[in-house]
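Residue numbers (the working numbering), protein chains in the order written: chain V, 1 to 387; chain A, 1 to 387.
All remarks here apply to the structure that follows.
Protein chains: 2
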Amino acid sequence: MNNFVFHNPVEVYFGQGEIKHLARLVKQYGKKVLLVYGKSAIKRMGLYDEVLSILSSNDIAVVELGGIDPNPRIESIREGGQLCKDHQIDLVLAVGGGSVIDAAKGIASAALYDGDPWDFYSYKTSSDGALPIGAILTLAATGSEMNRGSVVTNFTTREKHGWGSPYTYPKFSILDPTYTFTVNKHQTGCGIVDTLTHVYELYFSTDKNHLNDRLCEAIMKTVVHYGPLAIANPSDYEARSNLMFSSTLALNGLTGFGKTWDGFNHTTEHVISAFYDIAHADGLAVLGPHWMRYVLKEDNVQKFKEFALNVWNVDNTGSDLDIAQRGIDAVFMFYQSIEMPTTLQEVDIDDRELETIASQATRHGNIGNFVSLSEQDVLTILRNALN
Amino acid sequence: MNNFVFHNPVEVYFGQGEIKHLARLVKQYGKKVLLVYGKSAIKRMGLYDEVLSILSSNDIAVVELGGIDPNPRIESIREGGQLCKDHQIDLVLAVGGGSVIDAAKGIASAALYDGDPWDFYSYKTSSDGALPIGAILTLAATGSEMNRGSVVTNFTTREKHGWGSPYTYPKFSILDPTYTFTVNKHQTGCGIVDTLTHVYELYFSTDKNHLNDRLCEAIMKTVVHYGPLAIANPSDYEARSNLMFSSTLALNGLTGFGKTWDGFNHTTEHVISAFYDIAHADGLAVLGPHWMRYVLKEDNVQKFKEFALNVWNVDNTGSDLDIAQRGIDAVFMFYQSIEMPTTLQEVDIDDRELETIASQATRHGNIGNFVSLSEQDVLTILRNALN
């Protein structure tokens with residue numbers, strides 16, 4: 001087992017009705033909130049009204065920044081940071097999914113920075129502070145509610161970068177599974193794929209770590225079990241709560257201790273969706289199983305065999321390679337069963353930009369820690385994924 | 001899934017050589033440390049000298065309190081609290097196993113309390129603060145390094161109570177698996193049993209929680225896999241590190257979210273070891289499998305079947321009850337294989353005090369949340385465990 005630091009200060013309130021803690025939590029940090037949210041979802045479900053009512057009845061002033069995009073843009077970070085400065089905001093409260101929480105992290109950091117916040121995401125400067133951040137989660141997917149990461153897109157430069165600082169952990173996150181009852185089939189599928197990808201990009205590692213592998217399998221098994229149940233019955237509380245906390249644990253440090261992140265899937269997908277603005281998880285669903293098929297080799301067949309048997313419960317007859325391939329087939333079939341794409345064609349991407357994407361994805365050199373992949377390897381995976 | 005709060009502020013530094021962070025971590029809190037430790041183990045392994053050398057070369061003053069007992073006593077808490085007051089200590093640094101860390105938590109709280117610290121453990125008062133606590137772990141067992149719990153014995157009143165406050169989480173814990181290379185066979189076995197018991201007292205629950213169950217199984221599988229390897233080769237780093245972090249995760253909140261603690265095993269064992277001063281885990285090893293045999297019923301057979309198949313990998317033929325019983329047999333055989341006792345006779349306890357123990361264990365009413373047990377049930381389990 002490799003050395004690691006394990007520390008996560010986020011306070012999570014999980015379960016139906018936990019919004020009852022909101023006013024107390026906010027008031028620990030002040031009386032003026034920037035409310036950050038996305039499109040109309042939280043208004044449709046009544047959560048917007050509920051949050052405003054709780055805040056106003058507790059004499060907490062609210063400035064609003066709605067309309068955060070699914071791939072949040074640097075323009076929103078700039079705007080939010082300026083609002084914080086103009087209105088002397090005490091806490092940035094994100095109400096939404098991972099994109100909204102990611103945006104809140106950038107905004108809270110921009111609020112205490114004199115330059116352009118793209119400096120953080122382009123790694124030109126580090127941050128030395130942020131306003132306190134709170135989150136109310138409405139989508140089980142990114143894990144942003146319990147980590148410091150923030151992914152923001154700059155469509156001017158066609159770049160999508162992940163970043164975070166010691167100050168961008170939310171102080172608190174409220175996770176009420178009933179808020180995800182209205183999430184539609186495709187978005188639920190996206191959350192399932194995002195969670196699984198977060199886990200398997202750490203599970204598939206050359207770092208030996210039995211405990212971590214078993215914990216990763218525990219989360220993946222839960223997602224594979226409950227994903228289809230949540231899609232079949234969107235108000236299944238048990239399914240929604242298992243998916244929600246699985247997505248949180250998938251990227252809060254638990255699946256990563258002592259492990260090196262593989263990174264192929266996320267790195268390549270960020271390039272794809274900076275070009276095409278497709279849903280992040282659609283890109284991940286296309287890439288994941290094709291990546292597995294490409295990197296499966298003699299020397300890592302044991303790991304794929306464990307994955308096949310322990311997560312997908314496949315038939316254990318035949319050679320190790322047979323079993324390993326059966327596991328990868330199961331990923332393809334699972335994604336198809338929840339109506340997620342497994343080819344680029346399904347997300348309207350043809351072969352025109354593939355060379356540029358492969359080149360961008362490997363602009364700093366080979367990618368992938370489990371199996372190191374060159375520009376040519378990435379291009380081959382993309383071509384294999386065409387249709 | 002039941003509602004829960006998930007929050008653990010402890011900063012864990014895991015792996016060989018992580019003591020390099022010690023001076024920096026201590027200096028965040030001050031320049032004067034109460035060094036709390038047990039008997040001679042940390043001196044024999046050279047850790048005592050190393051810690052003193054790091055502290056003195058960083059101008060950190062040290063007051064010492066050695067000799068903490070394996071079942072730490074309230075007298076040590078009183079003495080340590082007084083030392084903190086007399087010497088204006090800034091941080092209580094525990095170097096040792098769970099007992100030493102438990103003592104440090106009591107001492108750090110006593111340091112800021114005017115009354116007798118037994119008031120905490122007898123639930124007469126709550127604590128409103130504690131000195132900062134740091135820990136350097138030398139035994140993989142109790143999980144105290146990443147939780148707020150502290151168990152202390154009062155031999156005058158023959159009581160052993162667990163207690164904790166929001167202030168008794170260590171600020172940091174250094175977990176170096178090489179510090180456990182010198183732990184002998186019996187103490188390694190005790191750690192294994194303690195960890196498994198922490199997990200199965202939460203695993204066996206009537207609360208439905210798929211994700212939590214799978215995570216519990218992940219930890220138990222790891223302990224069952226590596227326990228015998230660590231006993232066979234005490235310097236097996238991979239085995240020691242997996243056991244160490246398993247014991248930490250077993251009682252840091254991860255295995256408990258949304259679950260009600262069963263409590264039979266720990267409650268009854270605390271009474272036994274307040275009477276007999278046997279090793280805590282010897283008592284747990286005796287009680288655990290006998291408890292399972294007694295509580296296994298038609299209506300919980302599915303849970304025992306999952307335990308048997310997913311943790312112990314038993315043959316899955318026959319009736320559900322057959323499979324469930326095979327799992328419990330596997331626990332007996334596993335404990336015997338690592339030379340842990342599974343009868344009271346082996347720890348020199350006869351039937352003389354069993355009625356008193358059963359009565360004490362149930363003094364507040366039935367115990368056990370998975371299956372509620374009366375005084376008579378407890379007595380029957382104890383008698384079944386005699387030999």
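Beta carbons: idealized from backbone N, C-alpha and C, even for Gly.
Excluding residues up to 5 positions away in sequence, K160 lie with their Cβ nearer than 6 Å to the Cβ of A/H270 in the same chain. The alpha-carbon of V/A130 is positioned some 36 Å away from that of A/Y113. V/T153 is the residue among V/G97, V/T153 and V/L139 whose C-alpha sits nearest the C-alpha of V/S76. No Cβ of chain A is located within less than 7 Å of the beta carbon of V/T168. Residues of the same chain with a CB within less than 6 Å of the CB of V/T255, apart from the 5 flanking positions on each side, are V199, L202 and C216 in chain order. 7 Å or more divides the Cβ of V/S205 from the Cβ of V/T268. Per the C-alpha coordinates, the member of V/T138, V/V223, V/T248 and V/G115 positioned closest to V/W312 is V/V223. A/G81 and A/A324 have their C-alpha atoms roughly 48 Å apart. Around the beta carbon of A/D90, 16 or more other beta carbons sit within 10 angstroms, so the residue counts as buried. Collapsing the DSSP output to three states places V/A140 in coil. For V/S374, the CB contacts under 6 Å within the same chain, skipping 5 residues up- and downstream, are N366 in chain order.
In the structure shown, the three-state DSSP call for A/N310 is helix.
Close partners of V/R148 in chain A (Cβ separation under 8 Å) are lacking, with about 14 Å as the shortest Cβ gap. Comparing alpha-carbon positions, the option among V/E355, V/Q187, V/L34 and V/H364 lying closest to V/I381 turns out to be V/E355.
In the DSSP assignment, V/E18 forms no beta bridge with any residue.
The beta carbon of A/Y335 lies closer than 6 Å to those of A285 and T342 in the same chain, with the five residues before and after it left out.
Think of a sphere of 9 Å around the beta carbon of A/K303: no beta carbon from chain V falls inside it, the nearest being about 16 Å out. Listed as beta-bridge partners of V/L65 by DSSP are V/V36. Assignment of V/I338 by DSSP, reduced to helix, strand and coil, places it in the coil class. Assignment of beta-bridge partners to A/Y13 by DSSP yields V/V5 and A/I174. With a 10 Å radius around the Cβ and a threshold of 16 neighbouring Cβ atoms, V/H364 comes out exposed. Proximity of the region 35 to 47 of chain A to the region 240 to 247 of chain A falls short of the contact definition, fewer than three beta-carbon pairs being nearer than 8 Å. Secondary structure at V/K185: helix, using DSSP grouped into helix, strand and coil. Of the candidates A/F155, A/R240 and A/G149, A/R240 places its Cα closest to the Cα of A/G191.
By the Cβ test, the region 168 to 181 of chain V is in contact with the region 137 to 150 of chain V, since at least three Cβ pairs between them sit closer than 8 Å. Close to chain A, meaning a Cβ-Cβ distance shorter than 9 Å, are the following residues of the region 12 to 25 of chain V: V12, Y13, F14, G15, Q16, G17, E18 and H21. Residues of chain A with a Cβ closer than 8 Å to the Cβ of V/V5 are, in chain order, E11, V12, Y13 and F14. Neighbourhood of V/Y226 in chain A, by CB distance below 9 Å: H210 and L211, in chain order. The beta carbon of V/A104 does not come within 7 Å of any beta carbon belonging to chain A, so the residue lies off that interface.
The DSSP-derived three-state label of V/N212 is helix. Minimum Cα-Cα distance from A/T362 among the listed residues A/Q376, A/E353 and A/R352 corresponds to A/Q376. Measuring C-alpha to C-alpha distances from V/C84 to each of V/A108, V/D102, V/S99 and V/W118 identifies V/A108 as the nearest.
DSSP places V/N242 within a helical segment (H, G or I) once states are collapsed to three.
No residue range can be given for A/G256, since it is assigned to no alpha helix (DSSP H) and is classified by DSSP as neither H nor E.
Interface annotation, V/R214: in contact with chain A, CB-CB separation under 7 Å.
Between the beta-carbon of V/A135 and that of V/A104 there is about 7 Å, and that keeps the pair under the 8 Å contact cut.
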